[in-house]
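Under the UniProt record's numbering, the residue at position 15 of the sequence shown is numbered 15, and the numbers go up by one with no gaps. These notes are about the structure you will find just below.
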Amino acid sequence: MLRAWLMATTVLCVLRPACGRVIFLLFGACDLLWMCIRIGVAVCLKGRSVLEVRERLHEPECLRDPALGRHEFVTLEDGVTLHYVSAGERDRPLVLLLHGFPDSWYTWHKQIVELKKNFWVITPDMRGYGQSSKPHSIEAYQVSYLIEDIKGLLKSLGREKASLVGHDWGAVVSWCFANHYPHMVDRLVTINGGHPDAMKQQLESSLTQMVRSR
1 MLRAWLMATT VLCVLRPACG RVIFLLFGAC DLLWMCIRIG VAVCLKGRSV LEVRERLHEP
61 ECLRDPALGR HEFVTLEDGV TLHYVSAGER DRPLVLLLHG FPDSWYTWHK QIVELKKNFW
121 VITPDMRGYG QSSKPHSIEA YQVSYLIEDI KGLLKSLGRE KASLVGHDWG AVVSWCFANH
181 YPHMVDRLVT INGGHPDAMK QQLESSLTQM VRSR
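Okay, structure coming up:
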């Protein structure tokens, strides 16, 4: 009896992650289908113009608010150029704010105003966003490249470590950076982004998490 129970438990432990992945993929397929339907309806009602990129000749004035800091650029060793905003005194502890998807440095504008009173605050556009480089290949956006961007940015700033604050996708990048380069992280704060291993486990076992993350 005990042996049968142990075998059943083992089988369940093996199959549960696989079943979780299948269910999560089904949720994703349903979302994709619904998105295609919505786009199709929009094209039928408004024409193909809804699929065209709208050119914006002037950026919003709020992005040039001097109270938020100085706009600077750095080109890393792999050729990627990062745009970032620098606020606060350079001799203070460094805080690096990493935005989520699909945001930009400006998502932190309220936090910058407060944090710059006590810290040197650096708020970059991550690669693919805002005024930073936008590589064409999908592979160029792997986390391994993103954490190297952060390392290169810190090096260009002349700092060996910083406190990282990440939101959403920026939180994932922060976790991975801290895992690969713990000696370069003074403090780590993540918002709306759990540890990647914990997130993976939840996505494979929790139906509630699957629904919320789809």
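All C-beta atoms in this analysis are idealised placements derived from N, C-alpha and C, irrespective of residue type, glycine included. Quantities reported herein were computed from a predicted structural model and do not represent experimental measurements.
Asked: Runs of alpha helix (DSSP H) wholly within the stretch 68–108 (minimum 4 residues, chain order); Found: none
Asked: Residues of its chain near PHE101, where Cβ-Cβ distance is below 8 Å and the 5 sequence neighbours each way are ignored; Found: ASP168 and TRP169
Asked: CB of PHE119 within 7 Å of CB of GLY88, strictly; Found: yes
Asked: Beta-carbon separation (whole angstroms), VAL172 vs GLY193, contact threshold 8 Å; Found: 5 Å
Asked: Cutoff 8 Å; reference PHE73; Cβ partners in own chain excluding five residues on either side; Found: THR81, LEU82, HIS83, TYR84 and GLN131
Asked: Pick from ASP103, VAL95, ASP125 and ARG187 that is closest to GLU114, judged by C-alpha positions; Found: VAL95
Asked: Segments of 3+ residues assigned as beta strand (DSSP E) that fall wholly inside the stretch 143–180; Found: 162–167
Asked: Which listed residue (VAL185, MET126, TRP175 and ILE39) has its alpha carbon closest to that of residue 236; Found: With the chain covering only 1 through 214, there is no way to say anything about residue 236.
Asked: C-alpha distance - GLU59 paired with ASP65, whole-angstrom precision; Found: 12 Å
Asked: Distance CB(ASP91)-CB(ARG127) smaller than 7 Å; Found: no
Asked: From ASP125, LEU98, TYR145 and SER86, residue whose alpha carbon lies closest to that of LYS116; Found: SER86
Asked: Distance CB(ILE147)-CB(PHE177) smaller than 7 Å; Found: yes
Asked: Collapsed DSSP secondary structure at LEU63 in the structure displayed; Found: helix
Asked: Residue(s) in a DSSP beta bridge with THR123; Found: VAL85
Asked: Beta-carbon proximity check, ILE122 vs LEU68, cutoff 7 Å; Found: no
Asked: Where ARG21 sits in the DSSP three-state scheme; Found: helix
Asked: Exposed unless 16 or more other CB atoms sit within 10 angstroms - verdict on GLY79; Found: exposed
Asked: Inter-residue spacing [alpha-carbon to alpha-carbon] between LYS61 and LEU26; Found: Note that residue 61 is Glu in the sequence shown, not Lys. The straight-line gap from Cα to Cα measures roughly 43 Å.
Asked: Assigned exposure category for residue 219 - 16 Cβ within 10 Å defines buried; Found: Absent from the model: residue 219. The displayed extent of the chain is 1 to 214, so no value can be given.
Asked: Residues near SER163 in its chain [Cβ-Cβ closer than 6 Å; skip 5 each side]; Found: VAL95, ASP186 and ARG187
Asked: Helix, strand or coil at LEU6 [DSSP, three-state]; Found: Because the pLDDT of LEU6 is 40, which lies under 50, any placement of that residue in the model is unreliable, and the number read from its coordinates should be weighed accordingly. In this structure, LEU6 counts as helix in the three-state DSSP scheme.
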